[in-house]
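Q: The following block contains the structure, expressed as structure tokens.
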Amino acid sequence: MSDKISFVRTEMLEQKAPPASTTGFVGWARANLFNGIGNSVLTLLSIYCVYYVLSGLIPWLVSPTWKAESLTQCREMIAAAGKHGHLACWGVVRERFIQLLFGFYPPEGYWRVILALVIVGAGLAPVLFDKAPRKLLIVTALFPFIVPFLLWGGLIWPYVGVLLGFVVGYFVLKYAADALGDLLALIAGVVSAFVWWIFLSGPIMGAIGSVLPIGLEFVESRSFGGLMLALTIGLTAILGSLPLGIVLALGRQSDLLIVKALCVGFIEFIRGVPLITLLFVASTLLNIFLPPSMEFDIIVRVIIMVTLFSAAYMAEVVRGGLAALPKGQYEAADALGLDYWKAQRLIIMPQALKISIPGIVSTFIGVFKDTTLVSVIGLLDPLGLSNAIRADQAWNGIVWELYGLIGVLFFVFCFSMSRYSMYLERKLQTGHK
Amino acid sequence: MSELSERTIDRSNMQVSDEVAIQINQMNKWYGQFHVLRDIDLTVQRGERIVIAGPSGSGKSTLIRCINRLEEHQQGQIIVDGTELTSDLKNIDKIRSEVGMCFQHFNLFPHLTILENCTLAPIWVRNTPKKEAEEIAMHFLEKVKIPEQANKYPGMLSGGQQQRVAIARSLCMKPRIMLFDEPTSALDPEMIKEVLDTMIELAEEGMTMLCVTHEMGFAREVANRVIFMDAGQIVEQNEPEEFFNNPQSERTKLFLSQILGH
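Protein chains in written order, with our numbering: chain A, 1 to 433; chain B, 1001 to 1262.
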């Protein structure tokens, strides 16, 4: 028996190529499409389904109605071209596309919207991509002030006033930190910024404005609409909700009882209420409760509500990431002598946020799509505009073309966000799991 | 134990001085109702190499985790390098930056490279310029014999390599005391040796060390004192020679027979 059990390899085996039938397209198709009878049947069935949908959709899309001025004209053109059946009426897209993008924004100001979008892109680039030049970070710091100025216009000074508030707060924080300690300095910084905004900024900037009336023509919020409105609300809410959500998530995990109670209360309250309710509060109730002097812009109110709403969701997503971190990471950071904020910034958050990327981006996409709800309170986002367009006698009866187009517009943005998140996950992948 | 015999240990720098590094007086700790550490009295002189042994749940990890306040004690006194551990955050941060710690599961930061793991604390806690911090880090990575891994991420390294990085990371803060919490318990036998070798080198340089470990070979060869804990108390402590050859308490005898018996 023993001679059968004992075995000694004298030569190690060389690496061989895998069998040809398992590589290349043939191998891929065999493994993924025609792997057994059941799968082959399903594959053929799926191919037929795709063909069926496309065979209906493509003729509908190819319709000679680009120049039509109304739905009736569309029908005449289709009949004149000798085609039958239900075909798309593209005239509405030609006529109303610009409106779907800009709403009722004055056409001579379109460049402002486009420039604002470019600046936002330039400001976000260094945050989103490593390869973007670091100098663009200046744009990142300034675009929250430049973009509203471009969109709403008016004198430049109030926007400068808001910016200076942050500068004042920063310098107070920086120079008070040594004397007062971190927490008191932070409070001092915030207080001094608010003192500037509430008491000083208005008179000082007003005085400068009367001497140097630099500015752009003022555009009322009522003129905002279309995709531009959706982007204004959506992007602001997205950019605002992430930092706010992180703060709320940390607050919820805090040992400080009152901080924790406030954060839990806020999150649970906001999550427990439908967004539409909050939007109604923004559009009607706030006007009743606030004194007339405090009345502020409807779009700003909506942005605040949408931001708070998404921040509550974001907080829970981030908390999930925090909970997934092993306790050892906190302990290692502590053992090295890092204080709470440094540990959060350098060790905990980079990992927790990385874990929560899919959830964060889902929330972003959700927020962006939820901006269509503002049509309920009478703002003319693309969906609100489509109702207005369909109420026009010329286009009464149009459905698929408009909603399809709006769907495509939203899809482009949401899909880009989704792809970006996958890129980010791949980039941040370190080592084996 | 046999792993250690290949190497003769240079004892020239292993000297215990009169200076007190850690002083623990009548320290008690509870987890809720459970009395996990009971009346602990311990004085550690600078240069001592102490191995703390004992069955699991005896409180040995909790004890060394109290020394850098990863766990809070509720009664008694812990004085590290002349600074008493109280809830004063300044004292805690001061002690933590002078006491290095290695964990059973390494706890490297997986999102940072090996080099970044090592430079993080010097840069952000000690305000060392980045370049200098990197030089220090490379020095200690060479010391633990993995400078070539500096730009990899922890997930790409073996367990033994990760633990050596963790040691290097602690050393970059130039600690005066090193705490080891079962540094080899999560490692394969082949990797245990490389980590123990690193620890021996540290001991040879005169580092004050407290090690919770089951490596009795290490205790015999390197430690100058072995502490045996059970049920949250120090049951017996002695020089390794005496401790292993002539244990006094029944509990110690039983423990030694179980761990050395096979």
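Every residue, glycine too, gets a C-beta built ideally from N, C-alpha and C.
1) May I ask which residues mark the beginning and end of the alpha helix (DSSP H) holding D225 of chain A?
2) For the candidate residues A:F289, A:W60, A:R94, A:E95, whose alpha-carbon lies nearest to that of I78 of chain A?
3) So which residues on chain B does E331 of chain A lean against when the C-beta distance must stay under 9 Å?
4) In the DSSP assignment, what residue or residues form a beta bridge with E1236 of chain B?
5) Output yes or no for whether 8 Å exceeds the beta carbon distance between W90 of chain A and E401 of chain A.
6) Can you check the segment 107–168 of chain A for any beta strand (DSSP E) of at least 3 residues that lies completely inside it and give the ranges in chain order?
7) Pull the bridge partners of S1034 of chain B from the DSSP assignment, please.
8) So if I threshold CB-CB distances at 7 Å, which residues from the segment 328–352 of chain A count as touching chain B?
9) Helix, strand or coil for L1112 of chain B? Go by DSSP, reduced to three states.
10) So which residues of chain A does R1096 of chain B contact, with C-beta pairs closer than 9 Å?
11) Between A312 of chain A and T277 of chain A, what straight-line distance do the alpha-carbon atoms span, to the nearest angstrom?
12) Please determine, among B:Q1074, B:L1112, B:A1219, the residue with the shortest C-alpha to C-alpha distance to Q1033 of chain B.
13) Do we get a CB-CB distance below 8 Å when we pair K135 of chain A with the residues of chain B?
14) Who are I1079 of chain B's beta bridge partners in DSSP?
15) In terms of alpha-carbon separation, which member of B:R1225, B:S1257, B:E1241, B:S1249 lies closest to V1016 of chain B?
16) Measure the Cβ-Cβ separation of M1178 of chain B and A1121 of chain B and say whether it is below 8 Å.
17) Give me the DSSP bridge partner(s) of L216 of chain A.
18) Quick one: what's got a C-beta closer than 6 Å to G445 of chain A's C-beta in the same chain, skipping five residues either side?
19) Quick check on V1016 of chain B: does DSSP put it in helix, strand or coil?
20) Could you list which residues in chain B have their beta carbon closer than 7 Å to that of K354 of chain A, in chain order?
21) Could you name the residues of chain A that M993 of chain B contacts, counting a contact when the two beta carbons are closer than 9 Å?
22) Rounded to whole angstroms, what's the CA-CA distance from I298 of chain A to E1148 of chain B? Just pull it up for me.
23) Below 6 Å CB to CB, which residues in the same chain sit around K1060 of chain B once its five sequence neighbours on both sides are set aside?
24) From the DSSP output, read off the bridge partner residues of A1053 of chain B.
25) Using the three-state DSSP reduction, which class does D1188 of chain B fall into: helix, strand or coil?
26) State buried or exposed for C74 of chain A, treating a residue as buried only when at least 16 other CB atoms are found within 10 Å of its CB.
27) Pick helix, strand or coil for F368 of chain A, following the three-state DSSP scheme.
28) Using beta carbons (cut-off 8 Å, strictly below), is E1003 of chain B in contact with chain A?
29) State the beta-bridge partners of D1181 of chain B as determined by DSSP.
30) Report yes if the C-beta distance between T1252 of chain B and V1044 of chain B is below 8 Å; otherwise report no.
31) Within 10 Å of its beta-carbon, does M12 of chain A have 16 or more other beta-carbons around it, so buried, or fewer, so exposed?
32) Using a Cβ-Cβ cut-off of less than 7 Å, list which residues of the segment 1156–1173 of chain B approach chain A; keep chain order.
33) Residues of the segment 1124–1154 of chain B in Cβ contact with chain A at a cutoff of 9 Å, in chain order, please.
34) Based on DSSP bridge pairs, tell me the residues matched to V1044 of chain B.
35) What is the C-beta distance between R434 of chain A and C263 of chain A, in whole angstroms, given that I count them as a contact (C-beta under 8 Å)?
36) Between which residues of its own chain and Y159 of chain A is the CB-CB distance below 6 Å, once the five residues before and five after are set aside?
A: The relevant details are as follows:
1) Within the first sequence, residue 225 of chain A is the residue found at index 225, counting from 1. The identity of residue 225 of chain A in the sequence shown is Gly, whereas the question assumes Asp. Here G225 of chain A belongs to no alpha helix (DSSP H), and DSSP marks it neither H nor E.
2) Position 78 of the first sequence holds residue 78 of chain A. Here the closest residue by C-alpha is A:W60.
3) Position 331 of the first sequence, counting from 1, holds the residue named residue 331 of chain A. The contacting residues are R1065, L1070, M1101, F1103, N1107.
4) In the second sequence, the residue the question calls residue 1236 of chain B occupies position 236. DSSP output for E1236 of chain B lists B:F1228 as bridge partner(s).
5) Within the first sequence, numbered from 1, the residue matching residue 90 of chain A stands at position 90. Within the first sequence, numbered from 1, the residue matching residue 401 of chain A stands at position 401. Cβ distance < 8 Å, so W90 of chain A and E401 of chain A count as in contact.
6) none
7) For the purposes of this step, residue 1034 of chain B is taken as the residue at position 34 of the second sequence. It is Phe, not Ser, that sits at residue 1034 of chain B in the sequence shown. DSSP, once it has assigned bridges, lists B:Y1031 as partnering F1034 of chain B.
8) G328, Q329, E331, A332, D334, A335, L336, G337, L338, D339, K342, L346, I347, P350, Q351
9) Within the second sequence, residue 1112 of chain B is the residue found at index 112, counting from 1. Coil, per DSSP.
10) Working through the second sequence from its first residue, we reach residue 1096 of chain B at position 96. Those are D334, A335, L336, G337, L338, listed as they occur along chain A.
11) Here the question's residue 312 of chain A lines up with position 312 in the first sequence. Here the question's residue 277 of chain A lines up with position 277 in the first sequence. If I take the Cα positions, the gap works out to 15 Å.
12) Counted from its first residue, the second sequence places residue 1033 of chain B at position 33. Checking every option, the nearest Cα to that of Q1033 of chain B belongs to B:Q1074.
13) For the purposes of this step, residue 135 of chain A is taken as residue 135 along the first sequence, with counting starting at 1. No, no contact with chain B.
14) Counted from its first residue, the second sequence places residue 1079 of chain B at position 79. DSSP, once it has assigned bridges, lists B:Q1023, B:E1084 as partnering I1079 of chain B.
15) Locating residue 1016 of chain B in the second sequence gives position 16, where the first residue counts as 1. Looking at the Cα atoms, B:R1225 is the closest of the given residues.
16) The residue you call residue 1178 of chain B lines up with position 178 of the second sequence. The residue you call residue 1121 of chain B lines up with position 121 of the second sequence. No; because the gap between Cβ atoms is not below 8 Å, this pair is not in contact.
17) Here residue 216 of chain A is taken as the residue at index 216 of the first sequence, counted from 1. Answer by DSSP bridge pairing, in chain order: A:G154.
18) Shown here, chain A extends from 1 to 433; a query on residue 445 of chain A therefore has no answer.
19) Stepping through the second sequence from its first residue, residue 1016 of chain B is reached at position 16. Coil.
20) The residue labelled residue 354 of chain A in the question sits at position 354 within the first sequence. Going along chain B in sequence order, the residues near K354 of chain A (Cβ under 7 Å) are H1111.
21) Missing from the structure shown is residue 993 of chain B; chain B here goes from 1001 to 1262 and no further.
22) Here residue 298 of chain A refers to the residue found at position 298 when the first sequence is read from its first residue. Here residue 1148 of chain B refers to the residue found at position 148 when the second sequence is read from its first residue. One C-alpha to the other measures close to 60 Å.
23) One-based indexing of the second sequence puts residue 1060 of chain B at position 60. Same-chain partners within the cutoff: I1052, G1054, V1212, M1229.
24) By 1-based counting over the second sequence, the position of residue 1053 of chain B is 53. Beta-bridge pairing links A1053 of chain B to B:F1228.
25) Position 188 of the second sequence, counted from the first residue, corresponds to residue 1188 of chain B. Here D1188 of chain B sits in coil by DSSP.
26) Against the first sequence, residue 74 of chain A aligns to sequence position 74. With 16 or more Cβ atoms within 10 Å of its Cβ, C74 of chain A is classed as buried.
27) Position 368 of the first sequence, counting from 1, holds the residue named residue 368 of chain A. It is helical.
28) What you label residue 1003 of chain B is simply residue 3 of the second sequence in a count that begins at 1. Note on E1003 of chain B: pLDDT 49, under 50, position unreliable in the model; the coordinate value appears next. Chain A, which has no Cβ nearer than 8 Å to the Cβ of E1003 of chain B, makes this no.
29) As a first step, residue 1181 of chain B must be located in the second sequence, where it is residue number 181. Beta-bridge pairing links D1181 of chain B to B:V1212.
30) Start at 1 with the first residue of the second sequence, and residue 1252 of chain B comes out as number 252. Start at 1 with the first residue of the second sequence, and residue 1044 of chain B comes out as number 44. Cβ distance not < 8 Å, so T1252 of chain B and V1044 of chain B don't count as in contact.
31) The residue labelled residue 12 of chain A in the question sits at position 12 within the first sequence. Under this definition M12 of chain A is an exposed residue.
32) M1156, M1173
33) W1124, V1125, R1126, K1152, Y1153, P1154
34) Here the question's residue 1044 of chain B lines up with position 44 in the second sequence. Partner(s): B:I1022.
35) Here chain A comprises residues numbered 1 to 433, so residue 434 of chain A is not present and cannot be evaluated.
36) For the purposes of this step, residue 159 of chain A is identified with residue 159 of the first sequence, where counting begins at 1. Result list for Y159 of chain A: F145, F149, in chain order.
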